[in-house]
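Heads up, the thing below is written out as structure tokens.
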Amino acid sequence: MLGDELAHRKAKVEEWRSRGIDPYGSKFVRTHSAAEIIDNFSELEGEEVSIAGRVMAFRGHGKASFLDIVDMSGRIQLYGKHDALGDEQYELLRLVDIGDIVGVTGTAFRTRRGEISVAVSSFRLLSKALRPLPEKWHGLRDVDIRYRQRYLDLMVNPEVQRTFLLRTRIISAIREFLDSRGFLEVETPCMHAIAGGATARPFITHHNALDMELYLRIATELHLKRLIVGGLEKVYELGRIFRNEGISTKHNPEFTSIEVYEAYADYYDMMDLTEGLVAYVAESVLGTMAVEYQGEKIDFTPPWTRMTMAEAVRNETGIDFLSLEQKEAVAACRKLGLEVPDHAGCGLCMSEAYEEFVESSLIQPTIVMDYPIDVSPLAKKRADNPDLTYRFEVVCAGRELANAFTELNDPGDQLERFLAQVAQREKGDEEAHMMDDDFITALEYGMPPTGGMGLGVDRLVMLLTDSASIRDVILFPLMRPKE
RNA sequence: GGGCCACUAGCUCAGGCGGUAGAGCACCGGACUUUUAAUCCGGGUGUCGCGGGUUCGAGUCCCGCGUGGCUCACCA
């Protein structure tokens, strides 16, 4: 049982100490990584190298032993023999357990079987592992343990390391793309007195000294637009967002978004920007814009299909909601089996039909344009149809990837929209926007015409790493505590 | 929140119709100086998620609970 194993390994800790060796060693100077030795073997053969890593396998052969150790770059074999190490050091080598972390100095060589290895001339125990590692070829499968003890997942499942390495590269590529185009990365508060910028329920916290409730941000939008008012014409923020909502394979309570704002631009510019950003990231991280996601081929090569929501809904349901009277639209919705209130406008009816019948069927990246005003309280209304806005979403693999619009910069219109949201809120809609007088004040100073875009970074990482669940791309996803 | 499924050794898993709990790896003891899923000899290490119930007898059947997965709903 585990207790026996723990006790056995703790006894080994004492064994090391009794020999005057601290089993939790100090700094070890490495000359190479495992991959460097393997990649540069022709120059390193016969040379002395120092490497460190975790012991992943131990094959003892009496007076000689083979150990596989792993560092961040990869795996390499160690060869220790009694002749070279002497009685005492060889005895210590045989005391090493799988899972221990060792530092080794030795000579790079190739074994009879052709494997590049290090012949150990001296070694140090750098950290003693008290618990056994998961099984060596099936790895760790239990997703509960994988998420709760991610370090184990990273230790034994190489594809998990690859996913998180790609995540890091994706985030770097996003910054490269935007920085190179003159966008300024900024940091705005995570704690808000008013939670705005999205329709979502916030987490609530409390500031003791000010004795006030604060909300964790549900979006970065309203602060970034204040910066546009202030003259920072091209800004972006890459950061954590918190929404107090359900957990699913596509939702984690805290997730990462990128929001970009550009003064004097509109939603057409945001379409180009979004296509360019995603294509750049895919190309620079994966070397291709065509990926496979959960068995589907997805091609991010621009330009993406662009269609209005009205067209998309008409194609799927045969109904042209925009040509209907309000009562007809409600009736049409109900005929489709959707529940909508009596007073629902044509736009709301259309977006209900869109979400139910269209969104999940859009696999290739698709720009769905001209969202109804009812569901777009921060987007500028269309000049040719005040029921619609200059807003689009990018849908891919049947889910939202990005959301963008020509920003509403008319303070009077914005005030009316907030008032409508507040009315919704008073009817019990906890996700409707709160009134944000300070944001209205900012708009009253004049915000230039602006295009803005927000993109779910975790979802982009999912698409580019072929991950089925958002929990597979977040190092430490939220889990209910055990017990 | 609803439905379905899973939970057995450190890990990965098997356990027909209720009858003393199994394998591989890991681990423990022994042999072995170029192995690599090392090999050979010997050893099974367990609160079958938790709590009740039915039964002569429960890993197995029933009820409740917990955690997780999938899914629907909700949600950008």
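For the first sequence, the working numbering assigns the number -1 to the initial residue and increments by one for each residue that follows. All residues carry an ideal CB built from backbone N, CA and C; glycine is no exception. Model, not experiment: these values are computed from the prediction.
- Around the CB of P363, 16 or more other CB atoms lie within 10 Å, so the residue is classed as buried.
- Residue burial annotation: N250 is buried, with at least 16 other C-beta atoms found within 10 angstroms of its C-beta.
- Under the three-state reduction of DSSP output, G58 falls in the strand class.
- Per DSSP, the beta bridge partners of R122 are G101.
- Rounded to whole angstroms, the gap between the alpha carbons of A329 and F416 is 28 angstroms.
- The Cβ atoms of P370 and S349 lie closer than 7 angstroms to each other.
- Our two residues, I438 and K223, have alpha carbons roughly 11 angstroms apart in a direct line.
- Annotated three-state conformation of G51 is strand, per DSSP.
- Comparing C-alpha distances from Y213 to each of K248, F240 and R139 shows the shortest one belongs to F240.
- In chain order, A277, M287 and A288 place their CB closer than 8 angstroms to the CB of T299, counting only its own chain and leaving out the 5 sequence neighbours on each side.
- Beyond the five residues adjoining it in sequence on each side, R167 comes within less than 6 angstroms, by CB distance, of V283 in the same chain, given in chain order.
- Between the alpha carbons of N38 and G58 lies a distance of about 28 angstroms.
- Note on geometry: alpha-carbon atoms of V154 and S255 lie some 29 angstroms from one another.
- In the three-state scheme derived from DSSP, where H, G and I count as helix and E and B as strand, A191 is classed as coil.
- Taking C-beta separations shorter than 6 angstroms and ignoring five residues to either side along the sequence, the partners of R423 in its chain run A430, following chain order.
- CA-CA distance, A310 to V366, rounds to 8 angstroms.
- If you draw a straight line from the Cα of E353 to the Cα of D98, it comes to about 52 angstroms.
- The Cβ atoms of R148 and L473 lie closer than 7 angstroms to each other.
- Of the candidates A55, G23, R146 and F403, A55 places its Cα closest to the Cα of W135.
- Here S120 is near T103, since their CB atoms are less than 7 angstroms apart.
- When only Cα atoms are considered, A351 and G244 end up about 22 angstroms apart.
- Under the three-state reduction of DSSP output, F437 falls in the helix class.
- When A261, D270, F355 and C394 are compared, the shortest CA-CA separation from L406 is found for A261.
- A direct Cα-Cα distance of roughly 60 angstroms separates L124 from Y388.
- Remark: fewer than three beta-carbon pairs, one from each stretch, lie closer than 8 angstroms, so the segment 161 to 180 and the segment 192 to 206 are not flagged as touching.
- DSSP lists no bridge partner for G44.
- In the three-state reduction of the DSSP assignment, I296 falls in the strand class, which pools E and B.
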